[in-house]
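*Asks:*
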Amino acid sequence: MGTALIYDEEMTNYKLLWVDPACKIEVPERLTVSYEALVKSGLADRCVSLPVREATDADILLVHSEEYLEAVKKTPYMTLEDLMDFCSQYGDVYFHPNIYHCAKLAAGSALQLVDSVMMGKVRNGMALVRPPGHHSMRNAASGFCVFNNVAIAAQYAKQKYAVERILIVDWDIHHGQGVQDCFEDDPRVLYFSWHRYEHQKFWPNLRDSDFDRVGNEKGAGFNVNVPWNKVGMKNSDYLSVFCHLFLPVAYEFCPDLVLVCAGFDSAIGDPEGEMCATPDIFAHLTHLLMNLAGGKLCAVLEGGYNLTSLPQSVCQTVQTLLGDPAPRPANLDGPCLSALESLHCVRSAHKKYWSCLKHAADLPTCEVSTKRNKVGEEEINEEQSKQEPVWRECPKTLPPDISAAALLPDDGICPERCYSLKSSEDLDPSIVNKLKEHILKDTEDCETLSTLSRLTVLIDKMEKNEIGSGLALVKDISKAVICVVQHAAAAPMNRVLVVYVGDGVVPFHTNEDGKTLVVQFTTQKSEEIQSKYLIPVCLQKDYSDIPGFIQATLSLLLPLGYEYDPSLVVVVQTSGCGLSHNVWQQLIGLLRGLAQGHTLVLMQEDQNAYVGPTASSLLGDPAPPLGPLEAPLPENVESTEKLRLRLKADWNFLLTTGNVK
Ligand SMILES: NCCCNCCCCCC(O)(O)C(F)(F)F
Ligand SMILES: [Zn+2]
1 MGTALIYDEE MTNYKLLWVD PACKIEVPER LTVSYEALVK SGLADRCVSL
51 PVREATDADI LLVHSEEYLE AVKKTPYMTL EDLMDFCSQY GDVYFHPNIY
101 HCAKLAAGSA LQLVDSVMMG KVRNGMALVR PPGHHSMRNA ASGFCVFNNV
151 AIAAQYAKQK YAVERILIVD WDIHHGQGVQ DCFEDDPRVL YFSWHRYEHQ
201 KFWPNLRDSD FDRVGNEKGA GFNVNVPWNK VGMKNSDYLS VFCHLFLPVA
251 YEFCPDLVLV CAGFDSAIGD PEGEMCATPD IFAHLTHLLM NLAGGKLCAV
301 LEGGYNLTSL PQSVCQTVQT LLGDPAPRPA NLDGPCLSAL ESLHCVRSAH
351 KKYWSCLKHA ADLPTCEVST KRNKVGEEEI NEEQSKQEPV WRECPKTLPP
401 DISAAALLPD DGICPERCYS LKSSEDLDPS IVNKLKEHIL KDTEDCETLS
451 TLSRLTVLID KMEKNEIGSG LALVKDISKA VICVVQHAAA APMNRVLVVY
501 VGDGVVPFHT NEDGKTLVVQ FTTQKSEEIQ SKYLIPVCLQ KDYSDIPGFI
551 QATLSLLLPL GYEYDPSLVV VVQTSGCGLS HNVWQQLIGL LRGLAQGHTL
601 VLMQEDQNAY VGPTASSLLG DPAPPLGPLE APLPENVEST EKLRLRLKAD
651 WNFLLTTGNV K
C-alpha cells in the first residue's frame, strides 16, 4: 500500500495584508517550497496524490462552537479594517478574505488522509496545508490557526470509524494548546507535545504547557507535555524523548491510528524554534512511529518558517513514509542537561499513569520546575546566537535496487519481493581460502563454505548499498555470526551492532576497540558486565514477558543503537527463543532505523516460520500492533533498570535524569 500526498495551490492564496511582526513569517511560500522540493526530488511522483476537499460545517463543529464558525464565515465579506478588527480579539493570527476557504481545505485535507488510511486505500500519508491548526481553540483562532485540523481529524476518526485509541504526536516547536484543550479529559486520545517553553517565557506563555499538565479526570495521563527550557536542542535530545518517554508510553497505549502535528519549526534554522536538530531527524521520528497502529499514520503540516530547512524536513518525512530507510543520524552526542531535566520531570509526572514509567526516578521536591538557569549550564554566548545557523544537507541516497535479499537452503522458498542469493554467485577464491583457514579449519563442509561465502557477498553488496538488507537461514549459526562479524568489521570505518536473541555464549570476543557492540537478550542471569561492548539484557525465562521485551528494546537497545551508530546491524535468533512473530517484527522494524536500514538477520535452518515475517519487516512493512501492553514483569523491569543505571556512565543515551552521578 502506498503513501498519500495532499496538496492544493489554492491554500497558498491568502497572505498577511497589513504590517504585523508576529505574523509576517507565515507566508504562502512555505507551502510552495515544500511541494516543489517533493516534486524535484521525485518523491511526489512516488506518492498517491489525493484531492483536497472542504470540511463541512458538521466536521468543523466536531471541535469548534457554532458562534465561532458563524463569526469566521463572515470574514470573506469583511473590509480590511473589519478584518484587522476581527483579528484583534485573538492572539498572533491574521485573517484574509480567502482564509476561511483555505481553512476548510486544510481541515478537509486532514479528513481525506483519515478516510484513505482508515479505508485501507493507502498505508499512510502527508497533507501539506495552511492555515495550520494546533493552536486554534473551540471559540478562538490563535497562532496563525483558524480550525484545528488534527483535532477535527481525531474526532472525525472516532465518530466515523469508531477508532478506540488515537495517538497525536505534535513535534512542532510550539505547544498545541488547542489540541490539549480539546482532549485533556479524553482517555481515547493520547496527546504528546514537546515545545519551546523557557519557563513560560516563550509563546503562548501558558502555565498549562508545563510537564505537570497531565490531563484531567478520566483523561489523566493522556496529555504529555515536554517543555524545552532552553533553545539549541539537538537530534540527541529529540531521540532521547522518543526512546525514554514517547515510544514506551505509545506502545503501552497501542493506538489504532497515529496523527502527527507535523510542524518543522523544531528544525535548525527556524526563527521561531531556534533549535539545532537537523532535517534528517524527522526521518527517524517518522520511522519510530511507523510500527504503531499497523502503520496507519497521517501527518498534517503545522509550522515551519525557514524556507530551506522546512522543505528538507518535509522530504525526509515523506521519503520515510514511503518506506525508504532513514539516513544514519549525524554525530549524536547524547542529551543535554536541560533536556534531561525536562525528561526527568515528565517521566516522574506520568509514572503513576504508565507502568513503563513506574520505575522512573521521583522528582526532587519541586527542585526542578521552578529552577531558573541550571547552574553550570553553558549559556549560549551572545555572538554565537547571532550567527546564521548552517547545516550539511543530508546526501540524497536513492534506496537500493534490492531492498531485501534472502539466503536460504536450496530447497528454501524465497519470500515474494525478496531477491534470492543463490549459491551460483561467483565466489571469490581469496575469500573462500580465508574462510577455510580462519573459520572452517579442516572440515570440508562445502555447504557451510558456500553459505559463508554467500554471506560475505551479501555484506559487500549491502556495504555498496546495492542491497538494503538480508536474511539467512544457516545450519551453523555460530560460524555464520563469526564470519559476518569478522567480514563486516574488517573495513576501517565499519561498526557492527549484533543483537543476539537467545541464550548461548556469544561465539566471538568483543574487544575494546568498539568495532562491535553485542546486545544479547538472554534468560541467563549474568552478574558482571564483561565489557562496555557486550551487554546482556536478562529477561524472564522464555521471553513470555512481551511488555518487558518491548520496553527493554525501546529504552535500552534503541538508545544504545543510536549512540553507537553502526554501519551494519546483525540480528541473530538462536533457535528456541520462542519470540512471537509480532514481537520479532517489531524488533526488526525498529532496528531498521539504524545503519541506513542495513540489517542482516541470521536464523537457524529450523526457523523458516520466521522467514516471511522477517522479510516483511526488512522490506519496510509495518509490524502488526501488539495490543495494549500490560505491566512488564517486575523482575524484568528491575534487571533492565539496574543494567541501565550501570551502563549510563558509558552511554549518554541511557540517561533519563539530570543527576549524572
Ligand atoms: N516571533 C513572532 C511571534 C509568533 N508567535 C506566534 C507563533 C505561532 C506559531 C504557529 C505554529 O508554528 O505553531 C503553527 F504550527 F501553528 F503554525
Ligand atoms: Zn509552531
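The sequence shown begins at 1 in my numbering and counts up by one. Heads up, the beta-carbon is just placed ideally off N, CA and C, and yes, glycines get one too.
#1: Which residue comes first and which comes last in the alpha helix (DSSP H) that contains L310?
#2: Work out the CA separation of N331 and K234 for me, nearest whole Å.
#3: Among V637, V314, K515, L113, which has the Cα closest to the Cα of T553?
#4: Inspect the beta-carbon positions of L408 and L307 and report whether they are closer than 9 Å.
#5: Once you ignore the five residues that flank Q604 on each side, which residues in its own chain have a CB closer than 6 Å to its CB?
#6: Measuring from the CB of D265, is there a heavy atom of ligand 2 at a distance below 8 Å?
#7: Distance check for Y305 and R30, CA to CA, integer angstroms please.
#8: Could you have a look at V368 and say whether DSSP puts it in helix, strand or coil?
#9: Three Cβ pairs or more, each shorter than 8 Å: is that satisfied between the region 538–554 and the region 513–525?
#10: Do F222 and Y353 have their CB atoms nearer than 9 Å?
#11: Name the residue from S109, L310, G561, N225 whose alpha carbon lies nearest to the alpha carbon of A37.
#12: Please classify T451 as buried or exposed, where buried requires at least 16 other C-beta atoms within 10 Å of its C-beta.
#13: How many angstroms separate the CA atom of H101 from the CA atom of A107?
#14: Relative to the C-alpha of P622, which residue among T456, T599, S430, N582 is closest?
#15: For E252, which residues of its own chain have a beta-carbon under 6 Å away from its beta-carbon, when the five flanking residues on both sides are left out?
#16: When you compare only the Cα positions, how much space is there between N13 and K40?
#17: Out of V249, L471, L285, point me to the one whose CA is closest to A404's CA.
#18: From which residue to which residue does the beta strand (DSSP E) around H195 run?
#19: Consult DSSP for P157 and reduce its assignment to one of helix, strand or coil.
#20: Just to confirm, is the Cβ distance from M290 to V122 under 9 Å?
#21: Roughly how many angstroms lie between the CA atoms of G612 and L587, to the nearest whole one?
#22: Assuming D545 contacts L633 under a Cβ cut-off of 8 Å, what Cβ separation, rounded to an integer in Å, is found between them?
#23: What residues in its chain sit with their C-beta under 8 Å from that of R646, if we drop five residues either side in the sequence?
#24: To the nearest angstrom, report how far apart A267 and Q596 are at their CA atoms.
#25: Between which two residues does the alpha helix (DSSP H) harbouring G612 extend?
#26: Thinking just about the alpha-carbon of each residue, which of P132, Y419, Q312 is nearest to the one in A110?
#27: Just the Cα atoms here: how many angstroms apart are P400 and D324?
#28: Going straight from the alpha carbon of G376 to that of P21, what length do you get?
*Replies:* In short:
#1: 309–321
#2: 10 Å
#3: V637
#4: no
#5: I477, S575
#6: yes
#7: 7 Å
#8: Its pLDDT being 42, under 50, V368 is placed unreliably in this model, and the coordinates cannot settle the point.
#9: Yes, since at least three Cβ pairs between the region 538–554 and the region 513–525 fall closer than 8 Å, the two stretches touch.
#10: yes
#11: L310
#12: buried
#13: 10 Å
#14: Nearest option by C-alpha distance: N582.
#15: W354, C356, L629
#16: 22 Å
#17: L471
#18: 189–196
#19: Going by the sequence as given, residue 157 is Ala instead of Pro. Of the three classes helix, strand and coil, the one that applies to A157 here is helix, per DSSP.
#20: no
#21: 15 Å
#22: 4 Å
#23: I529
#24: 21 Å
#25: First-last of the alpha helix (DSSP H) with G612: 611–618.
#26: P132
#27: Using only the alpha carbons, I get a separation of about 9 Å.
#28: Because the pLDDT at G376 is just 41, under 50, the model does not fix this residue reliably, and the point stays unresolved.
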